[in-house]
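Residue numbers (the UniProt record's numbering): 1 to 529.
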């Protein structure tokens with residue numbers, strides 16, 4: 001038997017749960033384990049998760065890996081994480097969480113943000129002077145939806161003063177995992193971003209901007225030191241080593257938040273090479289050589305894991321979340337719609353049924369349109385009031401039509417986003433890697449190719465993209481490979497080409513889709529203010 005190659009334990013913490021994988025420097029993913037972690041949705045726009053549940057889930061997932069792949073777990077030399085971003089955890093002087101994590105879906109901080117940063121003249125309720133300074137120094141501005149740590153921290157300060165007083169540090173999700181792994185309190189160049197307190201004008205020297213820190217309303221001492229994504233931040237603490245069943249000598253590389261890691265895991269580390277990630281949310285991202293911001297479309301190039309580069313990210317608030325809504329609220333397990341796919345009842349099988357049903361409905365879903373704004377939208381418009389809806393339903397409409405309309409609606413919204421991405425990059429995108437859990441659907445990949453009118457190159461292991469990205473960031477940090485090696489290591493399993501007739505159909509539908517937004521946005525503002 002051959003010697004097992006050194007492994008990176010890649011931690012992938014998303015909104016739906018904790019995953020752990022064993023990744024070699026060449027990108028081979030051996031072993032995969034996961035545990036669901038509940039999301040607590042609260043009145044008034046709250047959305048929280050328990051950090052201790054993350055940690056327990058990680059221990060269970062790694063134990064599963066050890067049982068299934070003992071030799072590979074013993075070969076682990078490095079740990080590196082990819083996590084959901086824009087979450088906020090207040091920790092005390094001992095690193096213990098004082099609250100549940102206020103997640104990236106939580107909008108309760110919006111009024112506190114406007115109060116802290118208001119002024120005249122204003123832009124979206126915030127001082128125009130402050131907005132100009134943020135754009136110049138950071139490349140972006142806090143989301144007026146309140147979904148950023150900038151607003152989360154103010155929520156804690158204003159509505160939980162006792163917690164704020166006891167807070168030693170505010171940490172993003174990645175930062176808290178790293179604290180649990182090493183006992184060291186740090187933020188990465190990308191995890192600190194949406195606190196909106198850094199000077200990002202030099203990609204190799206991301207630092208706190210004194211003027212932004214002084215203005216943010218949070219004590220400077222409660223903000224963590226900043227490190228690069230590939231920095232080795234220490235070795236496993238004795239308690240973390242025991243929890244994971246690994247030696248304390250295993251080193252920990254800082255890692256990255258999910259969109260940063262996915263851009264590496266998709267193999268798109270060259271300039272202007274985009275990928276589309278389909279998860280609970282979705283995004284189009286590409287590495288670019290210069291800091292740039294499109295204020296109108298809410299797209300910015302921001303600090304990332306690749307040295308000397310920025311990552312352009314255009315975020316769609318809900319993508320796969322629409323499918324989860326379909327599964328949980330519209331279709332039932334004993335439903336004939338599932339039976340039509342000839343799929344047995346088991347975990348995840350309903351999505352296989354969806355994939356079989358989609359081709360039975362023609363492009364355009366027999367006239368039904370769906371807008372996928374279940375929880376507001378981020379780009380190309382930043383509007384928390386938007387909501388999802390079906391349009392043009394008739395007595396002839398079937399639930400299969402509704403099903404296809406949901407998949408098409410997410411793709412149409414992505415086309416809206418892609419137009420802004422083309423403007424940002426200065427050239428039309430003609431090919432894109434598609435990855436993330438949603439890319440497992442052949443039918444959805446084809447819908448994206450038809451709606452966007454470009455080829456979609458599917459990641460051969462799309463569910464592993466964040467773990468693979470964390471593995472590669474860890475491998476770079478540990479000196480096993482360089483970023484230049486990654487494109488040659490990436491594997492795609494299929495290229496989906498757009499169909500001429502289907503694309504023409506979607507051209508017409510897309511014009512209606514844009515018109516729907518223009519007409520409905522004022523109505524949603526009245527309904528949801």
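A virtual CB, placed ideally from N, CA and C, is assigned to each residue, including glycine. Keep in mind the model is a prediction, meaning the values are calculated, not measured.
- Closest in alpha carbon position to residue 472, among 18, 527, 27, is 27.
- Within the DSSP bridge table, the entry for residue 492 names 459 as partners.
- Around the beta-carbon of residue 350, 16 or more other beta-carbon atoms lie within 10 Å, marking it buried.
- Judged by pairs of C-beta atoms under 8 Å, the segment 460-480 does not touch the segment 410-418, as fewer than three such pairs exist.
- Within a 10 Å sphere around the beta-carbon of residue 219 sit fewer than 16 other beta-carbons, which makes this residue exposed.
- Under DSSP, residue 19 shares a beta bridge with 12, 34.
- In the DSSP assignment, residue 417 falls within the unbroken alpha helix (DSSP H) covering 399-425.
- In this structure, residue 505 sits away from residue 367, with a CB-CB distance that is not shorter than 8 Å.
- If you keep only unbroken alpha helix (DSSP H) runs of at least 4 residues inside the segment 159-197, you get 161-166, 173-182.
- Straight-line measurement puts the Cα of residue 259 at about 20 Å from the Cα of residue 48.
- Bounds of the beta strand (DSSP E) holding residue 81 are 76-83.
- Sequence-distant partners of residue 272 (beyond 5 residues in either direction) whose C-beta falls short of 6 Å from its own C-beta, in its chain, are 286, 425.
- Two segments are said to touch when three or more pairs of C-beta atoms, one from each, lie closer than 8 Å; by this definition the segment 117-137 does not touch the segment 162-181.
- A straight line joining the alpha-carbon of residue 268 with that of residue 433 spans about 8 Å.
- If you compare the alpha carbons of 200, 25, 453, 300 with that of residue 488, the shortest gap goes to 25.
- Around residue 234, the same chain offers 182, 184, 252 as residues with beta carbons nearer than 6 Å, after the five sequence neighbours per side are excluded.
- Distance from the CA atom of residue 18 to the CA atom of residue 121, rounded to whole angstroms, is 44 Å.
- Nearest Cα to residue 370 within the set 353, 400, 355, 356: 400.
- The alpha-carbon separation between residue 511 and residue 125 amounts to approximately 31 Å.
- Counting the other Cβ atoms within 10 Å of the Cβ of residue 96 gives fewer than 16, which makes it exposed.
- For residue 389, the enclosing beta strand (DSSP E) covers residues 389-391.
- Judged by beta-carbon spacing, residue 150 lies within the 8 Å limit of residue 194, meaning their Cβ atoms are closer than that value.
- Under a 10 Å Cβ-count criterion, residue 507 is classified as exposed, with fewer than 16 other Cβ atoms of the shown protein chains found around its own Cβ.
- Within the segment 237-318, the alpha helix (DSSP H) runs of at least 4 residues that lie entirely inside it are, in chain order, 238-244, 258-265.
- Counting other Cβ atoms within 10 Å of its Cβ, residue 40 stays below 16 and is therefore classed as exposed.
- Contact between residue 104 and residue 87 holds: CB atoms are separated by about 6 Å, below the 8 Å threshold.
- In this structure, the straight-line span from the alpha carbon of residue 522 to that of residue 513 is close to 15 Å.
- DSSP places residue 40 in the strand class (E or B) of the three-state scheme.
- With a contact defined as Cβ atoms closer than 8 Å, residue 83 and residue 156 miss out at about 20 Å.
- DSSP, read as helix, strand or coil, puts residue 454 in coil.
- Here residue 377 is buried, its C-beta having at least 16 other C-beta atoms within 10 Å.
- Proximity to residue 383 across 431, 79, 315, 51 peaks at 315, based on C-alpha coordinates.
- With fewer than 16 other beta carbons inside 10 angstroms of its own, residue 497 counts as exposed.
- In the three-state scheme derived from DSSP, where H, G and I count as helix and E and B as strand, residue 377 is classed as strand.
- Excluding sequence positions up to five before and after residue 421, its CB lies within less than 8 Å of the CB of 274, 284, 286, 299, 312, 314, 429, all in the same chain and listed in chain order.
- Per DSSP, the continuous alpha helix (DSSP H) segment holding residue 512 begins and ends at 500-528.
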